[in-house]
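All remarks here apply to the structure that follows.
Residue numbers (mature numbering (1 follows the signal peptide of the UniProt record, and there is no 0)): -22 to -1, 1 to 1073.
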């Protein structure tokens, strides 16, 4: 059977090859439409999608085939791109014939039809191919390909990451597709050397080659993909190394030392350095030339023949510019040694290995605004900003991004920029651009990597294409404010202008809280009153709603068109109002709505809100120790006055008040005991002193406040509880492990657990603590020990062995728990704690620490004599940290630890809790940053998390417990609530605000429950609507003159069934001087906005 299959496969291959040969050898002809001067042109075949014609500059046509499962993309209108691409990305149109393209592509994916997604969403490697991967969306797998020349990096499954092969470890995934070549590009993507010039290389992306030149004297190293000295590149010819200069015999050179310097034959500024017979070309700094007498760089006037090298340039000014990091262009006459037919002037610019004005920094290219030169240790490399951005030379910080929007940069004479790379809505790959529809002045496109994102300006503002800011519409050069706002300023009398300081105001026809102001009487602007106020046309100013007829209530729940308002009956319910349309919202169980401001939706603790008049609440959702899911509640232990439960989403966290305070149910805070009703009050003390008790030995009564519980210390024999309310404890007269407990007047005799004694504080259990911590006085009696295998008493702390040990047993209820001392310490049975080994008898500190102190300190250690310091033995591999440039190094196993040089000694340092080490000076806190910004690799160990309210670690960014639009930023355990704006949701995978469609598993907004990406009407409004994006709504407005159709759910031309809207609104002053909309139609003038629903 295998033989038959092999025969069939060979037959098919022969047929395919024969078919390709027949195509190539066919008699088809093609007339090239036109000749491209010094360029080739490419045209699609009229029938085949995977074949095309190549026309040279003489008009000769050659038929070519893409192959490799690809098809020819003829989308280039200038026919200059030889672009073979994947079949599924090419629109073949009528070119329906395929040679081997579809067959090869089907063959590539035939064996990969099924894949079980390990996660519902993510990107996962192919099992044998390094340039293929699986994209999983909701457990549905799709096979995808990296570009030809790229491979899939499986280091993270959260994003699609195709990278260069030399930066990616493919492991056992060894298969890749055959190369697809274009001019200068062996594969469509990659970095490749020039075949003829070793100082030139090409960066290829999708088959388009961008040429780069190494600095003078350098060549492209194919292995490391960087420019290095030309003599270090084996493929370089002798003439390519130092321009063919041959080093003289060292015996004939008078210079001393391991290297010699020699002048360039044609250029005063250049010279050659010969090192062990190998020549390398260098250059003097700008403003100097090479002096053969001193073999050093010198001023031009000191070198005969080079005095006029810089022409008429002011060298003093030049050196000042050089010190300031500036660039320049200088005209000069060529030295006499050069040929007469060469140009008599040239540009001196910052390019090349030794032409950096400073050893390190970024500097502008003299004539191009979006290019710059970056210098590292005197080596210059030209960089290009992304299309649409330009170089900002004021950004000098090393970690700052050097490219900026053109509006923020003064290019001056640097006028040249790269060719634009437009895409849909984006004139350039990056930038902010006006909306194409001039009626949508309030929207603009934010372009990033050629992808356009639509943003809205605040209501009433328009995008200004000159400043790239949202501005008043009359200040925007491309916006017609009357069309944009739908309002035209009426003619104003001189008296009206004078009364309003030249800017009369007019009521908004639909919304009480807004009004129009006409600048200089002719330029309209839309203004909103501050929250809680509406526009009063009589006063011509913002006023309380009750003073303006018709503006007191909107829709029953909304006091104003926009804001958050409480329910009249239920304290944990409120309404979110937008444009007068109300959406009911509910606080989490246990919290209530705080109506201190209509601008914010804040759910708060009941103790912070007065719910007297709206006392109803949602049904409770209790859990263990939590009467409701959120809030503060008193401890279930009646004895623990100073403890309470902090409930977070139904989970109880036991919390202690500060020492000396007790928890108050009324205030929800920790208070002084005398301010809280209950057993822990001074009144309990007064009542106790008035009682006539039967003492066997009266030592006096004393009320004390200890550990947030009420204790009465007396040595008494108790016949009855002295207090009928609360909790009191009394020591037994003779027994140290027994005591009397009174709970609301009920008396019981209690016994401490075996191994504990009564002290009234209960540091271990039930008002009892370890026996060595209690002074029993005359109370000598206690129960005998109850032993278990490792515990002499049921409770206690005991050594594991009699000898020196770094561990001990902690016993509770007879169960022994092995506990470690801190590193470097040993257990001390005298103190029942860990101690320094040199303070213990028969304990060898060398055995405990693993380190033997040298008899005599030397070097840096001697600086700390008589207590010299030495690196930990675990730092043996890190002994060079203090000699390294960074003075820091990674830990071997922990991602949040690192080694640092402190006072010349290598020390182990922990990152702040929640952060990881990422390298010196690159992090959020110098060397440490968020985990998703670091590369932990196989170092999976981290210190234990320290949690506070809302913070899983002391430092980090964490999702909100109840909201998709909010999140917490934690700094040293303090949580600050943050909000995503513009319809974005918090993405836990990227730790940033993101588009809703990229955020999985987030609860849906009630408005979008029917269609997560649909449109929803906004009450009775004709011009505004909700646009749902991924289940969350964004408030949108139709363009001027359009209305929202509730049936088609689109903005259309009026009239519709519900709305009859004219394009603009005109108002004029009435006879009384108040500014009100016109109500009557006036011939020859635009009519006012009229909404049939009076919205």
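No residue lacks a Cβ here, since even glycine has one placed at the ideal position from N, Cα and C.
Beta-carbon proximity of residue i to residue j, cut-off 9 Å
| i | j | result |
| --- | --- | --- |
| residue 948 | residue 933 | yes |
| residue 340 | residue 384 | no |
| residue 612 | residue 622 | yes |
| residue 266 | residue 247 | yes |
| residue 62 | residue 28 | yes |
| residue 882 | residue 860 | yes |
| residue 152 | residue 127 | no |
| residue 42 | residue 34 | no |
| residue 814 | residue 828 | no |
| residue 918 | residue 889 | no |
| residue 719 | residue 726 | yes |
N- and C-terminal bounds of the beta strand (DSSP E) containing residue i
| i | result |
| --- | --- |
| residue 115 | 110 to 115 |
| residue 461 | Here residue 461 belongs to no beta strand (DSSP E); instead the alpha helix (DSSP H) covers 459 to 463. |
| residue 705 | 705 to 709 |
| residue 516 | Counting along the chain, residue 516 falls outside any beta strand (DSSP E), and DSSP gives it neither H nor E. |
| residue 103 | 100 to 103 |
| residue 794 | 793 to 798 |
| residue 1007 | 1002 to 1007 |
| residue 729 | 724 to 729 |
| residue 269 | 267 to 269 |
| residue 171 | 168 to 171 |
| residue 910 | Premise fails: residue 910 is in no beta strand (DSSP E) and is neither H nor E. |
| residue 496 | 492 to 497 |
| residue 917 | Premise fails: residue 917 is in no beta strand (DSSP E) and is neither H nor E. |
| residue 276 | 274 to 276 |
| residue 209 | Careful: residue 209 lies outside any beta strand (DSSP E) and carries neither H nor E. |
| residue 787 | 785 to 790 |
| residue 18 | Where residue 18 is concerned, there is no enclosing beta strand (DSSP E), given that its DSSP letter is neither H nor E. |
Below-9 Å beta-carbon distance, residue i vs any chain C residue
| i | result |
| --- | --- |
| residue 470 | Of the chains in the structure shown, none is chain C; there is only one protein chain. |
Close beta carbons around residue i, own chain, < 6 Å, minus the five adjacent residues each side
| i | result |
| --- | --- |
| residue 631 | 624 |
| residue 4 | In this prediction, residue 4 has a pLDDT of 43, which is less than 50 and means its spatial position is unreliable; what the coordinates show is noted afterwards. Same-chain partners within the cutoff: there are none. |
| residue 936 | 930 and 946 |
| residue 1005 | 993, 1012 and 1014 |
| residue 710 | 716 and 717 |
| residue 361 | 350 and 352 |
| residue 437 | none |
| residue 958 | 943, 964 and 971 |
Start and end residues, alpha helix (DSSP H) containing residue i
| i | result |
| --- | --- |
| residue 826 | 823 to 827 |
8 Å contact criterion, which residue i and residue j should meet: CB distance rounded
| i | j | result |
| --- | --- | --- |
| residue 746 | residue 760 | Not a contact, Cβ separation roughly 11 Å. |
| residue 179 | residue 169 | 6 Å |
| residue 894 | residue 912 | 4 Å |
| residue 559 | residue 997 | 4 Å |
| residue 369 | residue 347 | 6 Å |
| residue 581 | residue 569 | 4 Å |
| residue 784 | residue 799 | 5 Å |
Same chain, Cβ closer than 8 Å to residue i, neighbours up to 5 away in sequence not counted
| i | result |
| --- | --- |
| residue 55 | none |
| residue 513 | 483, 485, 486, 490, 491, 492, 493, 507, 519, 520, 521 and 526 |
| residue 416 | 456, 457, 458 and 461 |
| residue 439 | 420, 448, 449, 450 and 451 |
| residue 402 | 430 |
| residue 795 | 787, 788 and 789 |
heavy atom of the ligand MN below 8 Å from residue i C-beta
| i | result |
| --- | --- |
| residue 1012 | What this structure holds is no ligand at all, so the ligand MN is not there to describe. |
Spatial neighbours of residue i in its chain, beta-carbon cut-off 7 Å, leaving aside the 5 residues before and after
| i | result |
| --- | --- |
| residue 593 | 549 |
| residue 1091 | Outside the modelled stretch of the chain, which goes from -22 to 1073, sits residue 1091, for which no answer is possible. |
| residue 976 | 965 |
| residue 426 | 408 |
| residue 365 | 396, 398, 399, 406, 407 and 408 |
Uninterrupted beta strand (DSSP E) stretches inside the segment 595 to 637 (no shorter than 3 residues): Segments of the beta strand (DSSP E) lying fully in the segment 595 to 637: 609 to 612, 621 to 626 and 629 to 634.
Which residue spans inside the segment 426 to 455 form an unbroken alpha helix (DSSP H) run of at least 4? Here no run is fully enclosed.
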